[in-house]
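Top line first, the protein sequences correspond to chains A and B. Residue 1109, in this note's numbering, is where the first sequence stops; the numbers in between run on with no holes. Residue 400, in this note's numbering, is where the second sequence stops; the numbers in between run on with no holes. Backbone N, C-alpha and C define an ideal beta-carbon position, used for all residues, glycine too. Since we're looking at a predicted model, the values are computed, not measured. Presented below is the structure to which this report refers.
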Amino acid sequence: MSWQTSLERIIRPQSLRGDQNAVARRVYLNAWLGIAVTMIYGIGWMIIVPQHGGRAFLFVVPLIGLYGLVLFLIRKNHPELGLHLYLAGGWLLITIGTATTGGTRAPAFGIYTLLVMFAALLGRWRLAFFYGFLSLLAGALMVFFEERGFIPPSLATPLSAWLTRAIIMILLSAVVYFIAEDLNQTYQRLQKELEERKRTEDALRESEARYRNVFEFFPDVILIQTLDGQIVHMNSAAQKQIGLTLSEINDPHRTAIIHPEDAPLISNAIRDLLKSDKTCTDLIENRFIDQSGQTRWYSGIILKTSWEGKPALQFVTRDITASKMSETRLRENEAKFRAIFELAPYGIIIQRQGGLVTAVNQAFIAESGYTLDQVVGHNLFDLERITLFRDPSVIDSMRQELSQTGRISNFQATVHRADGHPFDLLLSSQRFEVEEEFYVMTIGVDITRLKQAEADVRALNAELEQQATRLSILNEVSHDIAALRDLRTILRETFKKLTPILPMDAFLVILYDPQSEEVTYPLMYDNGQFWDYAPSILTRPGMMSRVIDSGETLILNRTEAEIAEIRARNKRETRVGDVDRVSASILMSPLSVGGGVIGVISVQSYTLDVYTEKHRELLDDLAYQIAVAVNNARLYDTARKELAEKRMAEEEIRVLNADLREKAAQLATINNIAHEISALTDLGSTLRRTLAKLKLALPLDVFFVALVNPANEAVTFPIMYDDGQYYDQPTGSLSRAGLTAQVVRTAQPVILNRTEAELQARQNVPQGTITRLGNTNRISASILMAPLILGGEVIGVISVQSYTLNAYNTKHIELLVGVASQVVVAVDNANLYDSLRKELTVRQQAEQDLFQLNAELEHRVAQRTAQLESTNRELEAFSYSVSHDLRAPLRSIDGFSQALLEDYETALDAAARGYLMRVRFAAQRMGTMIDALLTLSRITRAHLNLQSVNLSAIVREIIDALRDEQPTRSVEVQIAPDVQGMCDPRLMQIALQNLIQNAWKYTSKQETARIEFGCRKIDHETVYHVTDNGVGFDMNYVDKLFTAFQRLHAEQEFQGTGIGLATVQRVIHRHGGRIWAEGSVAQGATFYFTLMPGEAKA
Amino acid sequence: MKHNKTILLVEDNPDDEVLTLRALRRHHVANEIVVTRDGAEALDYLLGTGTYAARDVTQIPQLILLDLKLPKVDGLEVLRRLRQNLYVRNVPVVVMTTSDEEQDRIQSYDLHANSFIRKPVDFNEFVEVIRQIGLYWLMLNEPPGGGD
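Listed below in C-alpha cells is the structure:
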C-alpha cells in the first residue's frame, strides 16, 4: 500500500464517495484542511510571537479537537451533526478567539466570512444567513465592548496580522476554488445532459421519420385501429388496396371489409392478444372484401400499439391471393395428376434414373400381380427381385433409346406377371426432371387383351352371321308351320333347311302319346336316307324317356370308350335308323306344348363332341315351332275325325275349328307369353307395310284385305286403300255373286282383266246396285285376288287392283299368293293377340278388383288401427291421471293423518289413534293397488321385445330377493336349470315375480315350504310351471283366479292386491300363450303357462 | 351469480306444499323456503319477471323442488326454460311428482333434471325421502359455485 492510497483513504474515505455525500465530503475535507491550517497557524504564531504562545495554544488545541470530533462524527456517518458542530464550534471558537485578541480589530475576525461562505458553499443558505447574522451581532457586541474598553486591544503585530490574514486569504481562496470547481462541475454536467438529450431527440426524430416512411410506403396494408373500433390511420397501400378513405372506412353503414367467415377468427385473435402480454399475434390468414366486392386473401399480424396515448391495434397484412391461388392450382394439378395416375386404366410406373421405382399405380398392381411393397423402393432392373423384364437385351435397348431421345414411344415388349404369366405390352416412356433429378415414367398398354378383343369381335361377327341365318330359317319354318301343311312335309323341309347349319348324320322327330305310351316316327333320317317305323311303346329307361319325363334338352357327347362299349353290347333291336352306326354326339329336345311333352326332336352325329350350347338353343327354338305345328295338326286331325264321324254341318265344323284354333292359341299363349308378345305386331301397320312393298313390285291403285267370318259371312276390312287414300270400310256381308265369294269358295287366286267395254258397262251401272268398295266413283280395270288360307280354311281374300287395262299377269298372281301367306300369319297373330289382350283385360280387371279390395281392406285396417291408437292414447291419458290424480289425495290423507297423530298425540285417545292408523293403512293399501293396476294396464300397452330369455335365472333372482327379505323362512326351492323362453324379459320378470311371490306367500304357513319351477314338453309345446305346497285353492273357484280384484283368501290371512294373477295372465296372453292352474285346498297349487315362441302379437 | 341458501318449492297442491314444508321442518332444514304455486310463478321468481320484477335475480336458489303437473306452465316446461337460462341453468332441480310415468322420467332427464323422485303415499316414507334429499342436496352436494 503506497502512501498516496493511504492518504487518499484518510482524506476521502470509501463511505463518503458518491454524489449524495458531497456535503459530508466537503465538511470532512475542510476539517482536515482546518487541522492543517490551524497547526500551521499555531506553529507560525509560536515563532512570531512566542510571548503570546500560551494564548495561541489555548485557541489552537480546542480548534484541532473540534475538527477531530467533526472528522470522527462524519466517519461515524453523522455528517449533519458533523456540519453543525463544525459551524457552531468554529463560530464559538472564532468569537472567543477574536474577543480575546482584540475584537473586531483582531486579524482572525475575517474568519467569520470564511465560516459564512463555507456554509453558503455547501448550499446551506439558511445556515449561512444564520451564522452571518450571528457574526454581525458578535462584531457589533465586540464594537460595543471595545468602545467601553472591556476588550483588550489587539495584540497583533504586523507580522501576526499578516500571517492571520494570509491564512484567511488562503482559506478564502480554497473556499472560492471549491465554489468555482463546484460551479464548473455543475455546468459541465448540465452541458453533458443537454447534449445527451439533444442526441436522443435527434435519434427519436430520425427513427420516427424512418418509421413514418416505412409505414406510409410499405407495400403491405397497415392500419391502426383504436380499441373502440375506429380506424384512425392507414397507409397508402391500405388506401389503394382497400379502395376506401379513412372517413369511408369508418362509415358504419359500409359493408364489412373483413370476410364474414373470417371475422370471428380476427376478433378471437384480437381478444387473445389483448389478454396476453405478447406484443403481436401469430400470422393470421384471412380474407378482405375490397371496394369492388372482390374477396382477396391476406396474411399478416396484429400488433399492440398506441395512438395519441391510448392503446390501439396495428394491422400489418399482405395480399397473398396470388400465391394462395397458385398454391391451390398447384394442389389441384397435383390432385388431378394423382387421380390420372392412380385411375388410369394402364399400368404406370415411375422410376428414378437408374431404375429405382418411386411409384406405381393401381392398374400396374392389378395387371402385374406384384404388390406395392414388392416394387416400390426397389430397382426395376434388379432382375432377381422383379422379373417383369426377363430379357436384359430389351432393357438395354430401352435404356439406349431413352438416353438418346429422352422418350420411348410404342415399344412392344413381352413382360411377365408376378406369377410368371407373360403378356404383351406396348410401352411408352418419358423422361422428366424434378428438382434436378431425372425420372422416367413408363405407361404400359396391355395389347394381349387388345388382340384378344379383336379375336372376340371376329368370333362375335361370325356368330351374329350364324344367328342371322338361323333366324331366317326359323322364320321360314314358322312360315311353313303357319300354313299347316302336311306334318311330314313340314318336317322334311325343316330338315332340309337345317342340314346346312347343323352338323348332323341323323335327324329324327318322334311323337309320344302320354296316355298310351305309344311313340310314332313321323321323320327318321339316318346316314343319308329316310327310314320308316311303325309305332311302338316307349322304351324305359332310355335317352328318349329321360327327355320326355324331364322336359329338358339333352346334350350327350359320348367318349370313344363309350361308343366302343355300345358297339360291343350290340343291342341292335333298341336302335333306330341305321343300326350299324352309333352316334357319338346327340342333341335331343322335348316337343312341349301346354306344359306337356308330346315328343322329341333329335339331331345326331357320328363325330365326337359336335354339339354346343348354341346348337342346343337352335334345336330348342325349332322344337317349339314343331311342337306347335304338331299340336295344331293333331287338334285339326281330331276335329276332322270327329266331324267326319258326326257328319256335322259345315257351319259347325267352322265353329269347332275356331274353337280349336283358339284352344291352340291359348295353349301356345300360356306356354310362352313373352315369346308370343314379341312376335305379335299390329295387323293394320303390318298390312300398310305390305302395301308399301307391293306398290314397288306391281302396278296398284287399289289394295284391300277382306276377312270373312265363317259363322255369319260378315266381311271386315282391316285395310282398304284406293286411289291414294285409306278408307275406313264398314263391315259388310259376303255378296255370293261377287268375286270375293268366288275366291273364298274355290280357295283359288283369280285374275280379272276387264276390257274397255266391260269397264264402260260397269261404269254405267247406277250407284248402289252392286257393292263398290273404297272410292265408289272409280272402277278397277284389272283385279288380282288371292285367298287367305289358315289351317286349310279360307279366312278371307287379299286383292290388288288397277285402273289400267291388262295390268296383271301370272307372275303377279304368284307374288300375291306369296304375300297372302304372310298376311295370313299376320292376321292369325293379330287374332291371337286380340284374344290374349281380351284375356289380359279380364285379368287386369280381376287384378284391379283385387287391388281395390285390398285397398279397401287396408283402409279399414288403417281406420281400425287409428281407432285403436286413439283408444290407446285415451287409455294412456287415463292411466296417467290415475297415477297422478288418484295418488295425490291419498298422500294427503296419509300425510295429514300422520300429522294429526304427531301434533295432537295428547289430545287423541287410543281409539282415535287407532282409527287414524286405519285411515293411513287404507290409503297406503289403495296406493299399492293403484300401482298394481297401472302395471296391469302398462302390460297391455307395452311394446313386446321378444328374445331368448333364461327364465331360471330370473326365478333364482326373485327367490334370492325374497330370501333376503325374510331370512327366517325356510323354503325348499327347486329350479330346473337353464329353462329358456322366447319372451319379453321385462314383462316376464313381472309375471314370474307375481307367481313366485304368490307361491312364497301361500306357503308361509307350511312348516317345510316347497317351491318348484320347471318346464315340460307336451304335444310339441313347452309348458312352464310354478308349483308350491301352500294352502292351495278350491278348484271350483279356479275361474275367478285370474280376474282382477278377485281374491280367494281373506286380506287378514294373506295380504294382496288381487291383481297379481290378472297381471300374470295378461303378460302370458300378450305373448300368445295360455295360463291355467291346478290345485286343491291345503294341497298346494301349480300354475302352468305356455309361450308361443316367435309369434309376436303387438 | 351467487347461490344463497334458498330452496324453491314449486308445488300447486296445497296439501303437498304443507306436507313438504312439514317434512323439511321435521329435519330441521333451516334454509329459507320459497313456494311458488304454478310454473309461471316459478319462472317469474327465477327470472325476475312479473310479480318478482323487483327481486335480485343474481340470488340463485340452492335447490329447486319441482312438481311436474302444474297449472299454466307445466313442470317440464319450467325445467326446459330454466335450463336455457344462463343464470339459473346450473341450479340442481329435483323433480318430485306423484306419477311414475316412464315418459315423464325420460323427459325430465332429457331436460337435465338432477333427480327424479316419486312422492310415496306413505307419509313416513315421504319424510324419509325429504330427509335424504335435504342431506344430499343441501349438505353433501357442492353447488356449482359463484363467480362467472
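beta-carbon residue i near the ligand GDP non-hydrogen atom, thresh 7 angstroms
i	result
tryptophan 56 of chain A	Of the ligands one can find in the structure shown there are none, so the ligand GDP has no counterpart to examine.
Cβ neighbour criterion (16 or more within 10 Å) applied to residue i
i	result
glutamine 236 of chain A	buried
leucine 148 of chain A	exposed
leucine 945 of chain A	buried
glutamate 850 of chain A	exposed
aspartate 356 of chain B	buried
histidine 823 of chain A	buried
glycine 388 of chain A	exposed
aspartate 734 of chain A	exposed
CB contact check: residue i to chain A, cutoff 8 angstroms
i	result
arginine 289 of chain B	no
aspartate 400 of chain B	Interpretation of aspartate 400 of chain B is limited by its pLDDT of 41, a score under 50 that renders its predicted location unreliable; the figure taken from the coordinates is listed afterwards. No, aspartate 400 of chain B does not count as interfacial toward chain A.
aspartate 374 of chain B	yes
aspartate 267 of chain B	yes
serine 351 of chain B	yes
phenylalanine 368 of chain B	no
arginine 274 of chain B	yes
Assigned secondary structure, residue i (DSSP; H/G/I helix, E/B strand, else coil)
i	result
leucine 522 of chain A	strand
glycine 992 of chain A	strand
threonine 332 of chain A	helix
methionine 1103 of chain A	coil
glutamate 263 of chain B	coil
alanine 772 of chain A	helix
tyrosine 536 of chain A	strand
histidine 95 of chain A	helix
valine 387 of chain A	coil
tryptophan 308 of chain A	strand
methionine 796 of chain A	strand
glutamine 977 of chain A	coil
Spatial distance of residue i from residue j (CA atoms)
i	j	result
glycine 160 of chain A	glycine 100 of chain A	26 angstroms
asparagine 817 of chain A	serine 791 of chain A	11 angstroms
glycine 1043 of chain A	valine 982 of chain A	16 angstroms
lysine 286 of chain A	tryptophan 318 of chain A	19 angstroms
glutamate 296 of chain A	glutamine 325 of chain A	16 angstroms
proline 396 of chain B	threonine 301 of chain B	24 angstroms
glutamate 968 of chain A	glycine 1041 of chain A	21 angstroms
leucine 868 of chain A	phenylalanine 862 of chain A	10 angstroms
serine 258 of chain A	methionine 245 of chain A	11 angstroms
alanine 355 of chain A	alanine 374 of chain A	7 angstroms
leucine 709 of chain A	glutamine 812 of chain A	10 angstroms
glutamine 1004 of chain A	asparagine 865 of chain A	44 angstroms
Test: residue i CB closer than 8 angstroms to a CB of chain C
i	result
serine 948 of chain A	This model lacks chain C altogether; the protein chains it does include are A and B.
CB contact check: residue i to chain B, cutoff 8 angstroms
i	result
histidine 895 of chain A	yes
tyrosine 891 of chain A	yes
arginine 980 of chain A	no
aspartate 898 of chain A	Per the sequence shown, the amino acid found at residue 898 of chain A is arginine instead of aspartate. Judged by the 8 angstroms Cβ criterion, arginine 898 of chain A is in contact with chain B.
glycine 925 of chain A	no
leucine 383 of chain A	no
arginine 208 of chain A	no
Open item on the list: For the segment 880–888 of chain A against the segment 917–924 of chain A, do three or more pairs of beta-carbon atoms, one drawn from each stretch, fall closer than 8 angstroms, so that the two count as touching?
Closed with: Result no; under three Cβ-Cβ pairs closer than 8 angstroms.
- [ ] Mind the definition here: the segment 1080–1098 of chain A touches the segment 1055–1067 of chain A only if three or more C-beta pairs lie below 8 angstroms; say whether that holds.
- [x] In short, these stretches do not touch, since the Cβ pair count stays below three.
Open item on the list: For the structure I just gave you, are there three or more beta carbon pairs, one from the segment 374–383 of chain A and one from the segment 342–360 of chain A, closer than 8 angstroms?
Closed with: Cβ pair count under 8 angstroms is three or more, so yes.
Open item on the list: Assess contact between the segment 1091–1102 of chain A and the segment 333–353 of chain B, defined as three or more Cβ pairs (one per stretch) separated by less than 8 angstroms. Is contact present?
Closed with: Segments in contact, no.
Open item on the list: Three or more C-beta pairs under 8 angstroms: does that hold for the segment 173–186 of chain A against the segment 47–55 of chain A?
Closed with: In the pairwise beta carbon analysis, the segment 173–186 of chain A is classified as touching the segment 47–55 of chain A: at least three pairs are separated by under 8 angstroms.
TODO: Please confirm if the segment 715–722 of chain A is in contact with the segment 759–767 of chain A, defined as three or more CB-CB distances below 8 angstroms between the two stretches.
DONE: At 8 angstroms Cβ cutoff, the stretches do not touch.
Open item on the list: Three or more C-beta pairs under 8 angstroms: does that hold for the segment 557–566 of chain A against the segment 595–604 of chain A?
Closed with: With the cut-off at 8 angstroms, the segment 557–566 of chain A and the segment 595–604 of chain A touch.
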